[in-house]
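Chemist: Chains as they are written, first to last, in the numbering used here: chain R, 40 to 511; chain Z, -2 to 423. Think of the CB as a built atom: it goes at the ideal place given N, C-alpha and C, for glycine as much as any other residue. Here the structure is a predicted model, which means the values were calculated and not measured. Submitted below is the structure of interest, expressed as structure tokens.
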């Protein structure tokens, strides 16, 4: 209950700062990412868009002026792999092809991790199904409009996607029962096909073979109907529909992958079946097949430095992003984590150490590159006139480990303000105390919980849910 | 002629494994003293012999020009499972969390795999030594998991790597095991809070009995009782109950910290609090008892849904402001190399920069009982040094060279080798 009340307070608080439409951020270092850096620059926000970038931009009479001196402005950070704001489990694990389910149906706009990520400068997330199936569920791109409803989170016009998964995760439920382990399904779980990488390939091939037949049936039906005949329509198949969309280029494939063999397998299967892989996710051994990834035209969305947590992550190297970038792949750094998504700018900084990328290349890894991968680079990912005013003001250069975000705008609305957040804390503390006192009083008078000992709530243990989004 | 000169040069060059080095013309950050611009540091036979503005080469020391670079003491990660855990998901590659509630006789040192790929990887991050803990922090009901080793990240065998083989005794302080909240409710848990609390008290009672056993054992041993028999478990507890070896107590919550301090008072043992996730009202208590804290990850999620978003970021400074001595660990394997970034994030949220650096160097050494050997560039200490092109807490900084006990060690790793190999793929 106290969580609900606090969440409501945060919603109210958000409305409080969600007003200014015309904003001039003045005299700051503008890191546009695509058009260089403007020292002592100004950025004007009007009607949710960037209206001007440059020096000595004059403020319209109604503009709120933000002094950015000594600070740094960058585009809102974009995460190409997230499970934040998903209600309950992210995996429909019972089938090898779960393309019929859609993350869009289970978005939870009250997930506190949305706000926490905003406070780290994140403005856009590609929210994905889990990796339990060779072909997983449908995915959706959201803006972190904290305080809005689930439909209002959706990124207008962003193409929907579908999750694929290769390697250890989709074959895990095909293993013989081995008891409980971090990554084992558990002795009680029923085995289900596939249990090998060969089987993973077969599931994808089989599903797309069916999808092509299904596509042809509908094509024939529509042609006959157009000729004025009265054919019986084919039976609707909710599993094959999204795969037909993939074949027709209407839905992006985001494929969880680790090893170079499986990456190459997927590219070749897609080539053969006639569809494109939009992004390879994690793609820890992408550096071994960068040439093939670039030739296919797939993007690569990887971790900055995750490695060794399982055998398929043992050949990982933090130089992966730099190698792929140097070999012509569009590379982004993702989080796959409620925690990591709070500091993707710091993850980007690691590419300067690991592979010697320059500042702009590093920043691109978490801004314009993921925007390109999600097909939204005409709207977000850089500070340019006409693009959405998704902006983050940092106190220091965002590639410094000593920096932190101070203000975050999405579509020109301010969704995070560190000063306001700090200002509101005493009020929250008071509300919380009042609720605790009320609860204690009810407990004493025998009401509420019938006088039974009340569990005081989370007191111990990590709050990270390894069974849900978990490790990739 | 040129060839002859080269030959002569080679003849006077010290052997590759020389442990004497003179680093000149470098910005020296001793940590325990003022920075020296354009300074020099001389290491002879593995130990710092001299620090100053200008030092002439002597003792066969190899000369390194540090022009434009920064010289820091090697950093220390005060909480890892390096050496005992290679691939987390493969149990055969993991040697953590032995069966049994009390395992004080177990030594992390003897199972530390010197060929672990993690050694080189962590070293490349500017870390020259670390604590290897026998427990993962979550394992199987164990309370005393064993002796943690302070290891140098250089050496052919674990024996050569060990700086302080039994630096601290790791203890997972019993906690009230209620996950609580909505998740537990959804799982249909039937246990009440009272049940959980009773179980907790029972475990504390067992711990007290074990310490009591150790004390009686010591008495019998000292008295030379005729029927005295050696017991390796209780024998291993003697340095702890004598206050010579600190208990490295993992206590994440305010209540666990308070209970751990009360426990230390009662048992008259020395403790360090490890990986706390909150401070609550424990600051004055820790300060009064002069109990130090080994912090876990700063880059973490808040523990509770209604915590401020930056609660883990400000936590190190909360302890510092309370007058508690702090240092940093990561309590893992995979991200052990990132410990400097955990300190930097704390600095971004209030911890003074110099304190963040101390919490990676001198504080860590002192808390782990190796303040006389590690943690700063001072005469007589081991020559654990890193040459960098910037602040070692910044990811964009490059660690250019490293010396462990005066010997230059490679910064190559599995990761750099893959990089070099695959960049060359046509």
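Please identify the residue among Z/156, Z/93, Z/88 whose C-alpha is closest to the C-alpha of residue 112 of chain Z.
Modeler: Locating residue 112 of chain Z in the second chain gives position 115, counting from the first residue. Of the listed residues, the one whose Cα sits closest to residue 112 of chain Z is Z/156.
Chemist: Please determine if the segment 127 to 145 of chain Z and the segment 339 to 354 of chain Z are in contact, where contact requires at least 3 C-beta pairs separated by less than 8 Å.
Modeler: Because the criterion of three Cβ pairs below 8 Å is not met, the segment 127 to 145 of chain Z and the segment 339 to 354 of chain Z do not touch.
Chemist: Report back the beta-carbon spacing between residue 121 of chain Z and residue 334 of chain Z to the nearest angstrom; my notes put them in contact at under 8 Å.
Modeler: As a first step, residue 121 of chain Z must be located in the second chain, where it is residue number 124. As a first step, residue 334 of chain Z must be located in the second chain, where it is residue number 337. Right, the Cβ-Cβ distance comes to about 7 Å (below 8 Å), so this counts as a contact.
Chemist: If you compare alpha carbons, which of Z/169, Z/103, Z/127, Z/359 is closest to residue 26 of chain Z?
Modeler: Taking the second chain and counting its residues from 1, the one referred to as residue 26 of chain Z is at position 29. Measuring from the Cα of residue 26 of chain Z, the nearest candidate turns out to be Z/359.
Chemist: Does the segment 378 to 391 of chain R touch the segment 156 to 174 of chain R, meaning 3 or more C-beta pairs lie closer than 8 Å?
Modeler: yes
Chemist: Under 8 Å Cβ-Cβ, which residues of chain R neighbour residue 338 of chain Z?
Modeler: Counting from one through the second chain, the residue named residue 338 of chain Z turns up at place 341. Near residue 338 of chain Z (Cβ distances below 8 Å), the residues of chain R are 385, 440.
Chemist: Would residue 125 of chain R pass as a contact of residue 131 of chain R if the rule is Cβ separation under 9 Å?
Modeler: Residue numbering aside, residue 125 of chain R sits at position 86 when the first chain is read from its first letter. Residue numbering aside, residue 131 of chain R sits at position 92 when the first chain is read from its first letter. No, these two residues do not count as a Cβ contact at 9 Å.
Chemist: Quick check on this structure: which residue in Z/327, Z/342, Z/109, Z/210 has the alpha carbon closest to the alpha carbon of residue 228 of chain Z?
Modeler: For the purposes of this step, residue 228 of chain Z is taken as residue 231 along the second chain, with counting starting at 1. Scanning Z/327, Z/342, Z/109, Z/210 for the CA closest to the CA of residue 228 of chain Z turns up Z/210.
Chemist: Mapping DSSP to helix, strand and coil, what is residue 420 of chain Z?
Modeler: Along the second chain, read from residue 1 onward, the residue named residue 420 of chain Z stands at position 423. It is helical.
Chemist: Output needed for residue 178 of chain Z: all residues of its chain with C-beta closer than 6 Å, excluding positions within five of it in sequence on either side, in chain order.
Modeler: Sequence index remark: in the second chain, residue 178 of chain Z carries index 181 (1-based). Interpretation of residue 178 of chain Z is limited by its pLDDT of 49, a score under 50 that renders its predicted location unreliable; the figure taken from the coordinates is listed afterwards. Excluding residues within five positions, none has a Cβ falling inside 6 Å.
Chemist: Would the beta-carbon of residue 148 of chain R be found less than 8 Å away from any heavy atom of the ligand MN?
Modeler: Inclusion of the ligand MN in the displayed structure is not the case, the ligand content being empty and no account of it being possible.
Chemist: Using three-state DSSP, classify residue 266 of chain Z as helix, strand or coil.
Modeler: Locating residue 266 of chain Z in the second chain gives position 269, counting from the first residue. DSSP places residue 266 of chain Z in coil when its eight states are reduced to three.
Chemist: Restricting to Cα atoms, I'd like to know which of R/155, R/469, R/113 is closest to residue 123 of chain R.
Modeler: As a working mapping, residue 123 of chain R is identified with position 84 in the first chain. Of the candidates R/155, R/469, R/113, the one whose C-alpha sits nearest the C-alpha of residue 123 of chain R is R/155.
Chemist: Run through DSSP, which three-state label would residue 115 of chain Z get?
Modeler: Mapped onto the second chain, residue 115 of chain Z falls at position 118. Note: residue 115 of chain Z maps to helix in three-state DSSP.
Chemist: By Cβ distance, which residues of its chain are closer than 6 Å to residue 470 of chain R, with the 5 residues on each side in sequence left out?
Modeler: Here residue 470 of chain R corresponds to residue number 431 of the first chain, with the count starting at 1. For residue 470 of chain R, where only same-chain residues beyond five positions count, there are no Cβ hits under 6 Å.
Chemist: Using Cβ-Cβ distances below 8 Å, what residues of the segment 77 to 98 of chain Z are close to chain R?
Modeler: 83, 84, 85, 86, 87, 88
Chemist: What are the uninterrupted segments assigned as beta strand (DSSP E) that are 3 or more residues long and contained completely in the segment 143 to 192 of chain R, given in chain order?
Modeler: 161 to 166, 174 to 182
Chemist: What residue range is occupied by the uninterrupted alpha helix (DSSP H) comprising residue 412 of chain R?
Modeler: Reading the first chain from its first residue, position 373 is the one you call residue 412 of chain R. From DSSP, the alpha helix (DSSP H) with residue 412 of chain R extends over 407 to 412.
Chemist: Would you kindly check if the distance between the Cβ of residue 115 of chain R and the Cβ of residue 406 of chain R is under 9 Å?
Modeler: Taking the first chain and counting its residues from 1, one reaches residue 406 of chain R at position 367. Taking the first chain and counting its residues from 1, one reaches residue 115 of chain R at position 76. Yes; because the gap between Cβ atoms is below 9 Å, this pair is in contact.
Chemist: Would you kindly check if the distance between the Cβ of residue 40 of chain Z and the Cβ of residue 24 of chain Z is under 9 Å?
Modeler: As a position in the second chain, residue 24 of chain Z is number 27, starting the count at 1. As a position in the second chain, residue 40 of chain Z is number 43, starting the count at 1. No. Outside cutoff.
Chemist: When the cut-off is 9 Å and only beta carbons count, does residue 115 of chain R lie next to chain Z?
Modeler: The count along the first chain starts at 1 and reaches residue 115 of chain R at position 76. So no, residue 115 of chain R is outside the interface.
Chemist: Excluding the 5 residues preceding and the 5 following residue 161 of chain Z in the sequence, name in chain order all residues of the same chain whose CB lies nearer than 6 Å to its CB.
Modeler: Your numbering for residue 161 of chain Z matches position 164 in the second chain. The beta carbon of residue 161 of chain Z sits closer than 6 Å to the beta carbons of 147, 367 from its chain, once the five residues preceding and following it are set aside; these are given in chain order.
Chemist: If contacts are defined as beta-carbon pairs under 8 Å, then residue 341 of chain R and residue 243 of chain R qualify, I think. What distance do you get, rounded to the angstrom?
Modeler: Reading the first chain from its first residue, position 302 is the one you call residue 341 of chain R. Reading the first chain from its first residue, position 204 is the one you call residue 243 of chain R. In fact, because the Cβ distance is near 21 Å, the residues do not count as touching under 8 Å.
Chemist: Are residue 362 of chain R and residue 356 of chain R touching if we call contact CB-CB under 9 Å?
Modeler: Reading the first chain from its first residue, position 323 is the one you call residue 362 of chain R. Reading the first chain from its first residue, position 317 is the one you call residue 356 of chain R. Yes, the Cβ-Cβ distance between residue 362 of chain R and residue 356 of chain R is below 9 Å.
Chemist: By the 10 Å Cβ neighbour count, where 16 or more other Cβ atoms means buried, how is residue 192 of chain R classified, buried or exposed?
Modeler: The residue given as residue 192 of chain R occupies position 153 in the first chain. Under this definition residue 192 of chain R is a buried residue.
Chemist: Taking the C-alpha atoms as reference points, what is the distance between residue 264 of chain R and residue 272 of chain R?
Modeler: Walking along the first chain from the start, residue 264 of chain R turns up at place 225. Walking along the first chain from the start, residue 272 of chain R turns up at place 233. Cα to Cα, residue 264 of chain R sits roughly 9 Å from residue 272 of chain R.
Chemist: Spatial neighbours of residue 60 of chain Z within its chain, please: CB distance less than 6 Å, with the 5 preceding and 5 following residues excluded, ordered by chain position.
Modeler: Within the second chain, the letter at position 63 stands for residue 60 of chain Z. Cβ neighbours of residue 60 of chain Z beyond the five flanking positions: 19, 54.
Chemist: Taking residue 234 of chain Z as the reference, which of Z/306, Z/163, Z/410 has the closest Cα?
Modeler: Looking up residue 234 of chain Z in the second chain gives position 237. Measuring from the Cα of residue 234 of chain Z, the nearest candidate turns out to be Z/163.
Chemist: Output the distance between the C-alpha atoms of residue 173 of chain R and residue 410 of chain Z, rounded to the nearest integer angstrom.
Modeler: As a position in the first chain, residue 173 of chain R is number 134, starting the count at 1. As a position in the second chain, residue 410 of chain Z is number 413, starting the count at 1. So the alpha carbons of these two residues sit roughly 33 Å apart.
Chemist: Determine contact between the segment 197 to 209 of chain Z and the segment 163 to 172 of chain Z, defined as no fewer than three beta-carbon pairs at a distance below 8 Å.
Modeler: yes
Chemist: What would DSSP say about residue 321 of chain R, mapped onto helix, strand or coil?
Modeler: For this step, residue 321 of chain R is matched to residue 282 along the first chain. Residue state, collapsed to three classes: strand.
Chemist: By the three-class DSSP mapping on this structure, what secondary structure does residue 297 of chain Z have?
Modeler: Locating residue 297 of chain Z in the second chain gives position 300, counting from the first residue. Coil.
Chemist: If you measure between the beta carbons of residue 81 of chain R and residue 63 of chain R, is that distance less than 9 Å?
Modeler: Sequence index remark: in the first chain, residue 81 of chain R carries index 42 (1-based). Sequence index remark: in the first chain, residue 63 of chain R carries index 24 (1-based). Yes. Within cutoff.
Chemist: Let me check one thing: in DSSP terms, what residues is residue 393 of chain Z bridge-paired to?
Modeler: What you label residue 393 of chain Z is simply residue 396 of the second chain in a count that begins at 1. The partner list for residue 393 of chain Z (beta bridge, DSSP) is empty, contrary to what the question assumes.
Chemist: Taking the DSSP output, what are the residues bridged to residue 104 of chain Z?
Modeler: In the second chain, residue 104 of chain Z corresponds to position 107, counting from 1. Partner(s): Z/144.
Chemist: Any beta carbon from chain R within less than 9 Å of residue 458 of chain Z's own beta carbon?
Modeler: Residue 458 of chain Z cannot be examined here, being either before or after the span of chain Z that is shown, -2 to 423.
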